[in-house]
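Enquirer:
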Amino acid sequence: MATAEQSPWVILARNSEGAIVSLSTNTDAARTGTEIVTDLAAYVAEPARSRTRWVWNDTRNWYPELLGAGARVDRCQDLRLSHAILRQSALVRDDHGLRAQAAWENDPTLQIARGEALFALDHDDVSALPSTPDEVFAEFARQYAAVAGSRDSHRLRLLIAAESAGALVAAELHEAGVPWDANAHRELLHDVLGARGAGGIPQKLAQAADVVREILDAPDLRVDSPAHLLKALHRAGVMVPSTSRWVLGAMEHPSIAPILHYKKLSRLHTANGEAWLSEWVHDGRYRPTYLPGGVVTGRWAATGGGALQIPRSLRGAVRADPGWTFIVADVAQLEPRALAAIAGDNKLATAARGRDLYSGIVESGTLPTRADAKVAMLGAMYGATTGDSGRLVPTLRKAYPKAMKYVDDAAQEGERGGVVSTWLGRSCEVPSGRWREEQAEASDPAASAAAQSAARGRARERGRFTRNFVVQGTAAEWALCWMAQLRTKLAAFSPIPETAQRAESSGPTMSRRPHLAFFLHDEIIVHTPLDQAEAAADAVRSAAAEATSILFGSFPIDFPLDLRIAMSAAKD
DNA sequence: AGCATATGCGCG
DNA sequence: AAAGCGCGCATATGCT
């Protein structure tokens, strides 16, 4: 991730015959040489190229194969991801044609990540990406010029390096997989859901549905149908507007507890039951596909078995290989700490330093309980205006005016249609044409009250989005830097000797030294040989400290880790 | 039958 | 139907 020293880039692409071509550059990013590469894994692994920054159109097109061949890459520039950042960033003054490269926006995988319709696009059609040596170099040159001429090239270089390192981590995480004990998972399913009965429906699940039908006196009720269940509840005199857990939980009726119980079991069965296990866990590994930059804020998305939504209750199935263990580490209150830093709020930083941030707020006398402090802080970052949360926000605003002004300003900017940016310069999208039209129409004095109120609601909605964007996005940048530093440190560990009983499933590159195995926004799991666990834990801690200093320099904020070494990812 | 949308819940 | 952000996935349901 170090970006201070500018080592040359080497650009990889395929020529029209399908051969791999490498373009060398000097420190001014000018082409200095071209050669045909016959054995890419060997080429990349040359010691003289150990610090090369490899430039390619999309890490997913290049790195999995290299990893499969046992070649790890130290750093790269993922042009697809950096393009998405630069074409949007408010720090970029002259985009040198980046925004005109509309084809990039048709990248099918990006559309999948955003849930947009695919129309006629083929999933495997990546022709929209630059692919020939000339195209790839031209894109690299555009990006280089855009960064060099930007308002803050240091931040953008950092962001591109971090995002690209994330692309490497994502590929490595997929290759490594999460060590998953299918038997432990099955035992847990059996305990909660019971034995599989007729049609594969677990017995306790079927019984739970029967109880609901009996209490509601509705023998034909399909409990899985919200509409049907709602009618049955109304017939029983429970006049709820929906069947969501939150709504039902507030009611008092003998049917409520059985319904909630059924929902809980049903969720486990449908989302992470036997079917999930057989689809997603093979040879002791769960291999989700991570999508760096898949979320508008810069957070990662994931696909393949709902990796980022694995219920906490299933963590017991995450079991280290024999002779190995886990480092499980998460950052306490990552987002409010990021907020304190970007706002330069020393008072909030002081409340956070060396302790639970919410307790720090309590100790400062701002709010009476930790629960209050937490709900108030979340409300401030999400834009709550009513309820318990909204009620406490003004108190927080008084105590931490600098931090609160930062998010309030972000909200105001969003409401008036503006763009906001993260600490490193990832900017949110401009509002849609539809949104601007609605605002413009409502600003006409002749507009109906309904239209004005609807437009006001849309504006507020966007304000809550931009308010959260600056915090969530900066937190994601911290996490990227954390992982980027960590993967470099772990790569320097000496590999343990090959042993006959060693699990082969982590793949050839990662399986003999500590490696990242899981990532979830503010949490990582490192899979490590037992005798390297302490050293790996130190690496996790020092990587966090380095991430903090890379991003925020000497500003006195800390990001303390909850870290434990354990054979299972379950909390004790 | 296949696609789009709604509902609900898991995670941060 | 969360009061308040960002996601993915399963199921039900409606539309074509």
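As numbered in UniProt numbering, the first sequence has no gaps in its residue numbers, which increase by one up to the final residue, 572. Cβ atoms here follow ideal geometry from the backbone N, Cα and C, with glycine treated the same way. Just so it is clear, the structure is predicted and the values come from calculations on it, not from any experiment.
Are the CB atoms of Trp435 and Arg467 within a distance shorter than 8 Å?
Expert: Sequence index remark: in the first sequence, residue 467 carries index 467 (1-based). Sequence index remark: in the first sequence, residue 435 carries index 435 (1-based). Not in contact: Arg467 and Trp435 (Cβ atoms no closer than 8 Å).
Enquirer: Does DSSP put Leu277 in a helix, a strand or coil?
Expert: Counting from one through the first sequence, the residue named residue 277 turns up at place 277. Helix, per DSSP.
Enquirer: Please state whether DSSP places Leu563 in a helix, a strand or coil.
Expert: As a position in the first sequence, residue 563 is number 563, starting the count at 1. Here Leu563 sits in strand by DSSP.
Enquirer: With a threshold of 7 Å, establish whether the CB of Thr366 neighbours any heavy atom of the ligand ZN.
Expert: Ligands in the displayed structure: none, and consequently the ligand ZN is not present.
Enquirer: Quick one: residues in its chain with C-beta nearer than 7 Å to the C-beta of Gly197, no 5 flanking neighbours on either side, listed in chain order?
Expert: The count along the first sequence starts at 1 and reaches residue 197 at position 197. Only Gln203, Ala206 meet the Cβ criterion.
Enquirer: Whose CA, out of Pro219, Thr350, Ser427, Glu175, lies closest to the CA of Ala403?
Expert: Your numbering for residue 403 matches position 403 in the first sequence. When only C-alpha atoms are compared, the closest one is Thr350.
Enquirer: Can you give me the Cβ contacts of Gly115 inside the same chain, cut-off strictly under 7 Å, excluding the 5 residues immediately before and after it?
Expert: Within the first sequence, the letter at position 115 stands for residue 115. The pLDDT assigned to Gly115 is 35, lower than 50, so where the model puts this residue is not dependable, and the model offers no usable value.
Enquirer: Could you pull out every residue in the same chain whose Cβ sits closer than 7 Å to the Cβ of Val419, ignoring the five residues on either side in sequence?
Expert: For this step, residue 419 is matched to residue 419 along the first sequence. Excluding sequence neighbours, Val419 sits near Ala90, Ser427, Cys428, Val430.
Enquirer: Under 8 Å between the Cβ atoms of Arg87 and Asn57?
Expert: One-based indexing of the first sequence puts residue 87 at position 87. One-based indexing of the first sequence puts residue 57 at position 57. Contact flag unset, no.
Enquirer: First and last residue of the alpha helix (DSSP H) that includes Ile550?
Expert: Walking along the first sequence from the start, residue 550 turns up at place 550. It spans 533-552 - the alpha helix (DSSP H) in which Ile550 sits, taken as one unbroken run.
Enquirer: Excluding the five sequence neighbours on either side, which residues of its own chain have a C-beta within less than 7 Å of the C-beta of Val393, listed in chain order?
Expert: Locating residue 393 in the first sequence gives position 393, where the first residue counts as 1. Hits under 7 Å: Ala376, Gly379, Ala380, Ala384.
Enquirer: With 16 as the cutoff for other CB atoms within 10 Å, does His527 come out buried or exposed?
Expert: Here residue 527 is taken as the residue at index 527 of the first sequence, counted from 1. With 16 or more Cβ atoms within 10 Å of its Cβ, His527 is classed as buried.
Enquirer: Where do the ends of the beta strand (DSSP E) carrying Gly33 lie?
Expert: Reading the first sequence from its first residue, position 33 is the one you call residue 33. Segment 31-37, the beta strand (DSSP E) holding Gly33.
Enquirer: Can you check whether the CB of Ile550 is closer than 8 Å to the CB of Ala340?
Expert: Taking the first sequence and counting its residues from 1, the one referred to as residue 340 is at position 340. Taking the first sequence and counting its residues from 1, the one referred to as residue 550 is at position 550. Not a contact, by the Cβ cut-off of 8 Å.
Enquirer: Quick check: what's the CA-CA separation for Asp572 versus Val73?
Expert: Counting from one through the first sequence, the residue named residue 572 turns up at place 572. Counting from one through the first sequence, the residue named residue 73 turns up at place 73. Each residue's alpha carbon lies about 36 Å from the other.
Enquirer: Identify whether Trp180 lies in helix, strand or coil by the three-state DSSP scheme.
Expert: Locating residue 180 in the first sequence gives position 180, counting from the first residue. Strand, per DSSP.
Enquirer: Tell me whether Asn15 sits in a helix, a strand or coil according to DSSP, three-state version.
Expert: The sequence position of residue 15 within the first sequence is 15, counting from 1. In this structure, Asn15 counts as coil in the three-state DSSP scheme.
Enquirer: If you draw a straight line from the C-alpha of residue 595 to the C-alpha of Trp180, how long is it?
Expert: Here the chain covers residues 1 to 572 and nothing more, so residue 595 does not appear.
Enquirer: Any idea what DSSP makes of Cys428, helix, strand or coil?
Expert: Numbered from 1 along the first sequence, position 428 holds the residue referred to as residue 428. Note: Cys428 maps to coil in three-state DSSP.
Enquirer: Measure the Cβ-Cβ separation of Gln101 and Ile160 and say whether it is below 8 Å.
Expert: For the purposes of this step, residue 101 is taken as the residue at position 101 of the first sequence. For the purposes of this step, residue 160 is taken as the residue at position 160 of the first sequence. No. Outside cutoff.
Enquirer: For the stretch 53-91, which segments carrying the beta strand (DSSP E) assignment without a break, of at least 3 residues, lie completely within its bounds, in sequence order?
Expert: Those beta strand (DSSP E) runs which fall completely within the stretch 53-91 and span 3+ residues are 53-56, 75-78.
Enquirer: For the stretch 195-269, list the alpha helix (DSSP H) runs that are entirely contained and at least 4 residues long, ordered along the chain.
Expert: Counting whole runs of 4 or more residues, the stretch 195-269 contains the alpha helix (DSSP H) stretches 203-215, 226-235, 245-249.
Enquirer: Among all the DSSP beta bridges, which residues are the ones paired with Thr528?
Expert: By one-based count along the first sequence, residue 528 stands at place 528. Bridge partners of Thr528: Thr325.
Enquirer: How about the stretch 327-343 and the stretch 285-305: do they share at least three Cβ pairs that are nearer than 8 Å?
Expert: No, the stretch 327-343 does not touch the stretch 285-305.
Enquirer: Is it buried or exposed, Met251, if we count other Cβ atoms within 10 angstroms and call 16 or more buried?
Expert: On the first sequence, residue 251 is found 251 positions in, with the first residue counted as 1. Exposed, because fewer than 16 other Cβ atoms sit within 10 Å of the Cβ of Met251.
Enquirer: Drop a sphere of 10 angstroms on the beta-carbon of Ala275, count the other beta-carbons inside from all chains shown, and report buried for 16 or more, exposed for fewer.
Expert: Stepping through the first sequence from its first residue, residue 275 is reached at position 275. That one is exposed.
Enquirer: To the nearest angstrom, how far is it from the Cα of Asp125 to the Cα of Arg53?
Expert: Taking the first sequence and counting its residues from 1, one reaches residue 125 at position 125. Taking the first sequence and counting its residues from 1, one reaches residue 53 at position 53. No answer about Asp125 holds up, because its pLDDT of 40 lies below 50 and its placement is not dependable.
Enquirer: Would you kindly work out how many angstroms separate the C-alpha atoms of Gly284 and Asp388, rounded to a whole number?
Expert: Position 284 of the first sequence, counted from the start, is the residue given in the question as residue 284. Position 388 of the first sequence, counted from the start, is the residue given in the question as residue 388. C-alpha separation (whole angstroms): 45 Å.
Enquirer: Please determine, among Met567, Ala71, Trp62, Leu129, the residue with the shortest C-alpha to C-alpha distance to Arg49.
Expert: Start at 1 with the first residue of the first sequence, and residue 49 comes out as number 49. For Arg49, the nearest C-alpha among the options comes from Ala71.
Enquirer: Measuring only the C-alpha atoms, how far is Leu233 from Ala449?
Expert: As a working note, residue 233 is residue 233 in the first sequence. As a working note, residue 449 is residue 449 in the first sequence. When rounded, the distance between both Cα atoms is 36 Å.
Enquirer: Taking Ala479 as the reference, give the member of Lys405, Ala544, Arg51 with the closest Cα.
Expert: Counting from 1 along the first sequence, the entry for residue 479 is found at position 479. Cα-wise, what sits closest to Ala479 is Ala544.
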